[in-house]
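In this note's numbering, the protein residues as written are 110 to 479. The beta-carbon is built from N, C-alpha and C at its ideal position, and this holds for glycine as well. What you are looking at is a predicted structure, and each value in this text was computed from that prediction instead of being measured. Worksheet for the structure shown next.
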Ligand code: PLP
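So, in structure tokens, the structure goes:
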């Protein structure tokens with residue numbers, strides 16, 4: 110049976126091999142007589158699962174030893190509050206670079222916990238299609254040298270804008286300000302130099318596994334700065350000291366994440382998957398740029414390799430386009446409701462064959478309308 114190609118933005122397609130292994134192990138994990146869902150989180154079986162998952166993630170992302178990896182809950186949206194509660198306890202100043210819908214949402218939430226300053230924004234409020242299509246150049250950034258941290262989103266899932274160069278905080282006049290990055294939708298899609306960040310966070314449901322698991326990678330010196338009102342279960346120090354077991358962690362998503370990490374190692378790790386992601390993204394953007402019907406407004410230098418938003422120049426064809434796609438087994442291509450148009454999410458688990466099928470359909474649909 111061939112499965113359809115799923116271009117959903119998250120929860121998103123997982124590697125088929127992972128789903129098959131999970132199905133095989135569903136009733137009896139490794140002779141334990143239990144499903145992973147039925148195990149005590151403190152038992153030796155689950156402890157082996159979480160320890161392996163953590164060490165695989167650490168290896169895949171080359172996480173330095175002075176950073177903790179935390180398995181939390183609440184998703185990236187909860188982190189929009191949990192981060193300021195943790196990092197803006199002693200100093201309320203929080204800087205943001207606004208590059209799309211997710212940073213906008215994050216900064217609105219952070220305002221409830223700190224003094225937010227927008228250091229740069231790429232919002233174009235008058236654009237008819239695509240209000241965020243670029244990343245402000247570093248010389249536009251107005252950082253506060255005494256901020257508690259700077260928040261950015263490495264890949265704007267809705268708008269399709271991705272960073273390919275990290276800020277040099279010393280050169281920007283803020284050498285002591287840690288960078289916090291929302292990596293929900295590009296984590297593990299490419300190598301990232303973790304030492305350039307104070308904290309990275311993301312929901313799991315794109316490149317990692319099922320929703321319900323949030324990954325936080327945080328530098329040791331930032332663990333103990335929380336506001337007094339921060340709930341214990343969300344205090345990074347408490348979560349770290351308890352090995353992500355202060356409360357019951359999302360055990361099944363952690364297990365699936367662990368299978369995805371092993372799958373990724375078998376693919377050759379993040380450097381190898383990045384090469385595939387570059388090839389997939391090029392194939393799709395080239396097809397869009399070569400067409401008269403489709404348009405992608407994002408500046409080519411920051412086009413996301415994970416989420417490709419595009420529009421049909423004749424939007425009256427949107428429903429026909431989506432219906433034809435579905436009939437060919439190309440699922441979940443509708444753009445986010447706040448932006449409209451289309452969006453193809455091509456995370457790690459999407460093979461190039463899926464992108465080829467989409468590109469063939471794009472051409473075929475355009476020809477039938479010519
Ligand atoms: N940040 C980014 C970049 C995202 O793509 C998403 C979800 O799509 C979120 C935050 C919100 O994540 P969650 O729904 O897991 O809270």
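Flag residue i as yes if its beta-carbon sits less than 8 angstroms from any beta-carbon of chain C, otherwise no.
i, result
"residue 225", "You won't find chain C in this structure, because it holds only one protein chain."
Label residue i either buried or exposed according to how many other C-beta atoms from any shown protein chain fall within 10 Å of its C-beta, with 16 as the threshold for buried.
i, result
"residue 425", "exposed"
"residue 249", "exposed"
"residue 177", "buried"
"residue 213", "buried"
"residue 386", "buried"
"residue 265", "buried"
"residue 344", "buried"
"residue 273", "exposed"
"residue 477", "exposed"
"residue 308", "buried"
"residue 111", "exposed"
"residue 295", "buried"
"residue 237", "exposed"
"residue 136", "exposed"
"residue 207", "buried"
"residue 377", "exposed"
"residue 194", "buried"
"residue 174", "exposed"
"residue 146", "exposed"
"residue 139", "exposed"
"residue 109", "Here the chain comprises residues numbered 110 to 479, so residue 109 is not present and cannot be evaluated."
"residue 375", "exposed"
"residue 125", "exposed"
"residue 163", "buried"
"residue 461", "exposed"
"residue 152", "exposed"
"residue 118", "buried"
"residue 399", "exposed"
Report yes if the CB atom of residue i is closer than 8 angstroms to the CB atom of residue j, and no otherwise.
i, j, result
"residue 203", "residue 241", "no"
"residue 421", "residue 373", "no"
"residue 418", "residue 407", "yes"
"residue 181", "residue 303", "no"
"residue 356", "residue 457", "no"
"residue 290", "residue 263", "yes"
"residue 120", "residue 362", "no"
"residue 185", "residue 306", "no"
"residue 280", "residue 252", "no"
"residue 331", "residue 179", "no"
"residue 450", "residue 444", "yes"
"residue 271", "residue 415", "yes"
"residue 380", "residue 300", "yes"
"residue 154", "residue 141", "yes"
"residue 267", "residue 447", "yes"
"residue 365", "residue 131", "yes"
"residue 470", "residue 432", "no"
"residue 245", "residue 254", "no"
"residue 198", "residue 191", "no"
"residue 390", "residue 455", "yes"
"residue 352", "residue 165", "no"
"residue 225", "residue 205", "yes"
I want to check one thing, is the minimum distance from the CB of residue i to the heavy atoms of the ligand PLP below 7 angstroms?
i, result
"residue 314", "yes"
"residue 186", "yes"
"residue 372", "no"
"residue 266", "yes"
"residue 320", "yes"
"residue 119", "yes"
"residue 454", "no"
"residue 447", "no"
"residue 298", "no"
"residue 262", "yes"
"residue 138", "no"
"residue 250", "no"
"residue 293", "yes"
"residue 211", "yes"
With residue i and residue j assumed to form a contact (beta carbons below 8 angstroms), what rounded beta-carbon distance in angstroms separates them?
i, j, result
"residue 369", "residue 172", "With 8 angstroms as the limit, residue 369 and residue 172 do not qualify as a contact, their Cβ atoms being about 16 angstroms apart."
"residue 453", "residue 442", "6 angstroms"
"residue 360", "residue 150", "5 angstroms"
"residue 293", "residue 312", "5 angstroms"
"residue 91", "residue 210", "No answer is possible for residue 91: the residues shown for the chain start at 110 and end at 479."
"residue 287", "residue 328", "7 angstroms"
"residue 475", "residue 402", "4 angstroms"
"residue 393", "residue 467", "7 angstroms"
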